[in-house]
Every structure is written in structure tokens, then in C-alpha cells.
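Below: one structure, written as C-alpha cells.
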Amino acid sequence: MTKVTVLGAGSWGTALATVLADNGHDCTIWARRPEQAEEINSRHTNERYLPGALLPENLKAEASLEQAVDGSDVIVVAVPTTGIRGVCRELNNILEKPVLFAHVSKGIEPDSLKRISEMMAEEIRENLRQGIVVLSGPSHAEEVILRHPTTVTAANEDPELAVRIQDLFMNRVFRVYTNDDVIGVEIGGALKNIIALAAGVSDGLGYGDNAKAALITRGLAEISRLGVAMGANPMTFSGLTGLGDLIVTCTSVHSRNWRAGNMLGKGMSLDEVLEQMGMVVEGVRTTKAARQLAESCSVPMPITQALYSVLFEGAEPRKAVDSLMGRLKKHEIEDLFGMS
Ligand SMILES: NC(=O)C1=CN([C@@H]2O[C@H](COP(=O)(O)OP(=O)(O)OC[C@H]3O[C@@H](n4cnc5c(N)ncnc54)[C@H](OP(=O)(O)O)[C@@H]3O)[C@@H](O)[C@H]2O)C=CC1
Ligand SMILES: O=C(CO)COP(=O)(O)O
């Protein structure tokens, strides 16, 4: 039995804490709102983020970060990208020994263009961390909480650390693979949200499966192109954290990013959509970051660019699709890892 703390009591933190509790670990979830910690402890529910779900009785919640991480061997960070730096910084004043970190967030920070593990490494003192493992893959919280079969990947350059996280989470319905390609795993997980937003827009406009298949396939091409330019292994993008996550996020009604895109396609403004969602839609900020990354790596990312124009430049979604379709003719395969 390992003592684990999950930071973040949103849908994903709660679902993952449930996997850990099911596996018999001593698991505490940190909920920053005391009333939410109280709800998890007394009623074993998290109605705001996972309505209707009954959480395991051995899952505890704490509103004090200090108490939540007290004595933990492993800390799983499950807050949105915007919260990563603040939460990690606070740990420097609290932790008394080095712990193994895992993070499950999917985003890139605009302007700094840092991946989550890079942000964490900048914020958490080196003598307080044994390593930072990324856990990512096609995995909606709404299905994990129902114990439906799910597969994810634990990634770290050090295979032993990846295996420690694999062993912690793995069970008969939650299968964990390992990978040493941290860049590829983080880039795939973050950028699929952009394509899911675009797929939602397409569905909201009333376009069909042909358009969605095109977005998934060409989306994978531009994610891979950027990832390879950043040093990722191209094979990672055909795996769970690339194609796998792209499929689930572009096609599932559970996806926050797809749902947000769908509302945009139906004519709502970005502000209206975000207010209605009440949960993090990581793809919006990541679109900004990816556009900056594409520019700095000189990599063409036409879908990201089109979505950026819809989100931040007031472009009409239908016109953005027209501009994508009207681009110069190209060879499909040459373009995949080329820079043309
Ligand atoms: N939901 C899913 O199925 C999956 C999500 N992910 C990723 O996991 C991450 C978390 O997503 P998810 O659980 O869906 O998000 P939710 O919106 O469901 O929950 C966010 C949680 O983080 C807390 N939080 C928000 N901002 C901060 C902050 N600045 N500092 C500390 N805590 C904060 C919220 O607290 P409060 O309620 O008090 O606002 C809430 O507990 C995202 O990066 C997402 O992409 C990855 C795989 C699957
Ligand atoms: O990353 C996810 C599934 O793997 C969750 O995606 P959404 O944030 O779009 O719901």
C-alpha cells in the first residue's frame, strides 16, 4: 500500500483517486474548497464534477494542502494548466522529503511555451522531487468512474519511474502502458484538445463524419509535425496519447473541448461557452500556445491557425472551414513530417 495524494478534486482528479482507492492505496484527495472536501468525506460524492457517482469509502479528502500531502510517497497533480505553477510552488514550503510526482494535466503554457512537466520542474525544488511522470491517454473521467475499460500511458525518461506509476494505477479495468518519450506524450495530450474543439465546431456547423475524419487525420499530421520538430518520437503520435486521445476527444460527448467547440459552431460566443461549461476547456489556451510554438518552430499548423482565428480574431467558423478547404494543393504523405 502506497500513500498517495491527488491534488485537484475536479472530474479527473476524483476519477483517478478512485482508481487508486480501488487498488487499496492510502489515497487522499486535496480539494481546495473545504465544503467539497466535506462532501467527499461525508457523502462520498462529488456532485459538481461527477454527478451521480458514489466514491469509494476509503477515499479521503482534505482542504489543507499541508495535511493532504503529509507523509505521501507519491503526489498526483490534477489541476488545470493555469493552476500548476501556484500549487507546485506552495509545495516547496510544505514537503519534508523528496516524493515521486505524476501529472495528468493536458496543456501548454502560452508565452513561456513550457510543457507541464517543465513548469513543474521549474517550480518544485529539485531536492523535493524524485521525478515527474506524465500519465496521459484516452480517458474520460465519466467512464473511468464507471470502471469501464480504459488504457493510458505513464511516461518518463527513466523507465523505473514510469513503471512505479504504472504499478500504482494498473488494475483489471485501468491498463497502463509505459513510454520514455515525455515530449511526445505531453504534446499529443495537449494538442489533441485543439483538434477536439475544431471537431466540435464542425459538428456544430452541421458538417458530417467526412469532415470529422479529415480533422482527426490532418490534425494528427500537424500535431506530429510540431512534436517531431520539438524532439518527440514520431511513433508516439500513433499511440494512446496521440491518435488514441485524439479519437476519444473528437468523438465523445464527454469531451469538454468537443462540447465547447460544438457550442461555438452553433453560434455562441467564446465567453458564453466558457461560462456555460463550468469546467476547464484546456484547448482554448493551448491554441494560443500552439500557434506561438508553430511560429517559433516554423511548422505549418493550418487547423490550429483556423481555430485561433475563430477563438480570438472573431472569424466566422464557416469561413474558417472555407479557408482550410481552399488552401494550396498538396501531397498528403510528403507533408506529414515535412515542413511544407
Ligand atoms: N476530465 C477528464 O476526463 C480529463 C481531464 N484531464 C486533464 O486534467 C486536468 C484537470 O481537468 P479536470 O479534472 O477535468 O478539471 P475540472 O474543471 O473538472 O476541475 C478542476 C479542478 O482543479 C481545481 N482548480 C482549478 N483551478 C485551480 C487553481 N488555480 N489552483 C488549484 N486548483 C484549481 C478546481 O477547484 P474548484 O472546484 O474549487 O474550482 C477543481 O477541483 C486538465 O488539464 C485536463 O485536461 C486529463 C484526462 C481526462
Ligand atoms: O483528455 C481527455 C480525455 O482523454 C479529456 O478531454 P476533455 O478535457 O475535452 O474532456
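Read in our numbering, the sequence shown has 1237 at position 318, and its numbers run on one by one without any break. The beta carbon of each residue, even a glycine, is placed where N, CA and C say it ideally should be. On a predicted model such as this, the values are computed, not experimentally measured, just so you know.
Euclidean distance between Cα positions of residue i and residue j
i, j, result
"Leu1139", "Met1039", "27 Å"
"Tyr968", "Asp989", "25 Å"
"Arg1048", "Gly1119", "39 Å"
"Ser1259", "Ile1106", "Unreliable positioning characterises Ser1259 in this predicted model, as indicated by a pLDDT of 47, which lies under 50. The coordinate reading is nonetheless provided below. Their Cα atoms are separated by approximately 21 Å."
"Gly1108", "Asn977", "30 Å"
"Asn1129", "Gly927", "37 Å"
"Asp1241", "Ala1209", "21 Å"
"Thr1069", "Phe1156", "18 Å"
"Glu1076", "Val1082", "11 Å"
"Val995", "Phe1088", "11 Å"
"Gly971", "Met1244", "43 Å"
"Val1147", "Leu973", "42 Å"
"Tyr1126", "Leu1134", "11 Å"
"Ala956", "Ile1003", "20 Å"
"Gly1184", "Met1198", "19 Å"
"Ser1188", "Glu985", "40 Å"
"Asn1090", "Glu1201", "28 Å"
"Asp1100", "Ala1151", "6 Å"
"Gly929", "Ala1132", "30 Å"
"Leu1065", "Leu939", "14 Å"
"Leu1145", "Leu1212", "8 Å"
"Lys1248", "Arg1204", "30 Å"
"Glu1079", "Val1229", "43 Å"
"Asp948", "His1250", "The question names Asp, yet the displayed sequence has Ile at residue 948. Their backbone Cα atoms lie some 50 Å apart in a straight line."
"Thr1206", "Pro999", "15 Å"
Residue i, buried or exposed, once every other Cβ within 10 Å from all chains shown has been counted against 16
i, result
"Gln1195", "exposed"
"Arg1246", "exposed"
"His1067", "exposed"
"Asp1283", "Since the displayed the chain opens at 920 and closes at 1259, residue 1283 lies outside it and no answer follows."
"Arg1034", "buried"
"Glu1235", "exposed"
"Asn1012", "exposed"
"Glu1015", "exposed"
"Phe1231", "exposed"
"His1059", "buried"
"Val1063", "buried"
"Ile1252", "exposed"
"Arg1303", "Residue 1303 is absent from the model: the chain starts at 920 and stops at 1259."
"Ala1238", "The sequence given here has Lys at residue 1238, not Ala. That one is exposed."
"Thr1136", "exposed"
"Met920", "exposed"
"Gly943", "exposed"
Beta-bridge pairing of residue i - partner residues as DSSP gives them
i, result
"His1022", "Val996 and Val1053"
"Trp949", "Leu926 and Glu981"
"Phe1093", "Thr1069"
"Ala1117", "DSSP lists no partner for Ala1117."
"Arg1083", "Note: Arg1083 sits in no beta bridge, so no partner."
"Ile1268", "Since the first residue shown for the chain is 920 and the last is 1259, residue 1268 is missing from the structure and cannot be characterised."
"Asn1098", "Ala1074"
"Arg1048", "Val1018"
Residue i Cβ short of 7 Å to ligand 1 heavy atom set
i, result
"Thr1260", "The requested residue 1260 does not occur in the structure, where the chain is confined to residues 920 to 1259."
"His1059", "yes"
"Met1198", "yes"
"Val1006", "yes"
"Lys1025", "yes"
"Ser1157", "no"
heavy atom of ligand 2 below 7 Å from residue i C-beta
i, result
"Asp1164", "yes"
"Asn1176", "yes"
"His1173", "yes"
"Thr1168", "yes"
"Ala1115", "yes"
"Glu1201", "yes"
"Asn977", "no"
Any C-beta of chain B under 8 Å from that of residue i
i, result
"Gly1125", "Among the protein chains of the structure shown there is no chain B, as only one such chain exists."
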